[in-house]
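Trainee: I'd like to ask some things about the structure below.
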Amino acid sequence: MQLTRLLVPSFMQMLKGFSNWLDKAAAHEKDADALMTLRLAPDMFPLDAQVRFACFQALEPTYRLRGMTAPDDVIAIRKEGLISNDQAGSFADAKACIASTIASLANLADNALDGGIDKPIALDLPNGIVFDMTGEQYARDWCLPQFYFHVTTAYAILRHQGVVLGKPDYVEHMSAYMRHA
Numbered sequence: 052m053q054l055t056r057l058l059v060p061s062f063m064q065m066l067k068g069f070s071n072w073l074d075k076a077a078a079h080e081k082d083a084d085a086l087m088t089l090r091l092a093p094d095m096f097p098l099d100a101q102v103r104f105a106c107f108q109a110l111e112p113t114y115r116l117r118g119m120t121a122p123d124d125v126i127a128i129r130k131e132g133l134i135s136n137d138q139a140g141s142f143a144d145a146k147a148c149i150a151s152t153i154a155s156l157a158n159l160a161d162n163a164l165d166g167g168i169d170k171p172i173a174l175d176l177p178n179g180i181v182f183d184m185t186g187e188q189y190a191r192d193w194c195l196p197q198f199y200f201h202v203t204t205a206y207a208i209l210r211h212q213g214v215v216l217g218k219p220d221y222v223e224h225m226s227a228y229m230r231h232a
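So for the sequence shown, my numbering puts the first residue at 52; every next one is plus one.
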């Protein structure tokens, strides 16, 4: 398995779609910044946090799988998500976060993450739980599910608010493979 070829295109194509969903949402809602405070349930994080957490989940493994600590600006993305219950960022900030994440992913070498496949990963969670995995397990069992959770939650928030999104919006990257029979 080549981790770079698995993770980077998956993250990039969904983040590009996510950015497009936000554009549709802004066209639907006059106050785009108000969208950032919306959530599915009272105990869930708002849309702003979903953007930030998806971006963090796309960036953090690009450091961890190379044996590096995520830099302060990447950690700041997660922190901004955590405070979004009280202080949601703006629509423009969300779009910029996604664009910056896509740019960072695009700058990775074609095999940048591949050396981390057998690397031991200790994932320390704030609640005191530690998960011990290999890089492959981390990519498959943590990175991808966490990333897609936040992207899908954002999609559901927007749909719940009446933004006209459908399956073609969620998998717009599939048009590259389309042919007519």
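Cβ coordinates follow ideal geometry from the N, Cα and C atoms, glycine included.
At what residues does the beta strand (DSSP E) containing Leu89 begin and finish?
Mentor: Along the sequence shown, read from residue 1 onward, the residue named residue 89 stands at position 38. Run containing Leu89: none; DSSP gives neither H nor E here.
Trainee: Exposed or buried, Ser135, counting other C-beta atoms within 10 Å across all chains shown (16 or more means buried)?
Mentor: Sequence index remark: in the sequence shown, residue 135 carries index 84 (1-based). Per the 10 Å Cβ criterion, buried.
Trainee: Can you tell me where the alpha helix (DSSP H) holding Ala207 begins and where it ends?
Mentor: Walking along the sequence shown from the start, residue 207 turns up at place 156. Where Ala207 is concerned, the enclosing alpha helix (DSSP H) stretches over Leu195 to His211.
Trainee: In angstroms with no decimal places, state the Cα-to-Cα distance between Phe62 and His231.
Mentor: For the purposes of this step, residue 62 is identified with residue 11 of the sequence shown, where counting begins at 1. For the purposes of this step, residue 231 is identified with residue 180 of the sequence shown, where counting begins at 1. Approximately 27 angstroms, taken between the alpha carbons.
Trainee: Mind checking Thr120: buried by the 16 CB within 10 Å criterion, or exposed?
Mentor: Taking the first residue of the sequence shown as 1, we reach residue 120 at position 69. The residue is exposed, with fewer than 16 neighbouring Cβ atoms inside 10 Å.
Trainee: Going by other Cβ atoms of all chains shown within 10 Å of its Cβ, with 16 needed for buried, is Val222 buried or exposed?
Mentor: Position 171 of the sequence shown, counted from the first residue, corresponds to residue 222. Result: exposed.
Trainee: When you compare only the Cα positions, how much space is there between Val102 and Gln188?
Mentor: Numbered from its first residue, the sequence shown carries residue 102 at position 51. Numbered from its first residue, the sequence shown carries residue 188 at position 137. Those two C-alpha atoms are separated by around 24 angstroms.
Trainee: Please check the pair Met87 and Ala139, which I expect to be a contact at CB under 8 angstroms, by giving their CB distance rounded to whole angstroms.
Mentor: In the sequence shown, residue 87 corresponds to position 36, counting from 1. In the sequence shown, residue 139 corresponds to position 88, counting from 1. Going by Cβ atoms, the distance from Met87 to Ala139 rounds to 4 angstroms, so yes, they are a contact pair.
Trainee: Tell me whether the beta-carbon of Phe69 lies closer than 8 angstroms to the beta-carbon of Ala109.
Mentor: If you number the sequence shown from 1, residue 69 lands on position 18. If you number the sequence shown from 1, residue 109 lands on position 58. No.
Trainee: Closest by CA to Gly186, which one among Phe142, Pro171, Asp74 and Ala76?
Mentor: For the purposes of this step, residue 186 is taken as the residue at position 135 of the sequence shown. Selected option, being the one with the closest Cα: Pro171.
Trainee: How about Phe69: is its C-beta nearer than 8 angstroms to some C-beta of chain C?
Mentor: Considering every chain present, this structure includes no chain C. It has just one protein chain.
Trainee: When the Cα atoms are used, what is the spatial distance from Asp99 to Pro177?
Mentor: In the sequence shown, counting from the first residue as 1, residue 99 sits at position 48. In the sequence shown, counting from the first residue as 1, residue 177 sits at position 126. In a straight line, the C-alpha of Asp99 is about 21 angstroms away from that of Pro177.
Trainee: Is there contact here, the segment 197-217 with the segment 64-79, by at least three beta-carbon pairs under 8 angstroms?
Mentor: The segment 197-217 is in contact with the segment 64-79.
Trainee: Please list the terminal residues of the continuous beta strand (DSSP E) segment that includes Val181.
Mentor: If you number the sequence shown from 1, residue 181 lands on position 130. Taken as a continuous stretch (DSSP letters only), the beta strand (DSSP E) holding Val181 covers Val181 to Thr185.
Trainee: Mind listing, in chain order, the continuous beta strand (DSSP E) runs of no fewer than 3 residues lying wholly within the segment 142-187?
Mentor: Listed in chain order, they are 171-175 and 181-185.
Trainee: Our contact map puts Val168 next to Leu66 with C-beta atoms below 8 angstroms; I'd like the distance itself, whole angstroms only.
Mentor: One-based indexing of the sequence shown puts residue 168 at position 117. One-based indexing of the sequence shown puts residue 66 at position 15. Reading off the sequence shown, one finds Ile at residue 168, where the question assumed Val. At roughly 23 angstroms, the Cβ-Cβ gap does not stay under 8 angstroms, so Ile168 and Leu66 are not in contact.
Trainee: Where does Thr113 sit, in a helix, a strand or coil, going by DSSP?
Mentor: The count along the sequence shown starts at 1 and reaches residue 113 at position 62. Of the three classes helix, strand and coil, the one that applies to Thr113 here is helix, per DSSP.
Trainee: DSSP state of Phe96, grouped into three classes?
Mentor: Position 45 of the sequence shown, counted from the first residue, corresponds to residue 96. The answer is coil: DSSP assigns Phe96 none of H, G, I, E or B.
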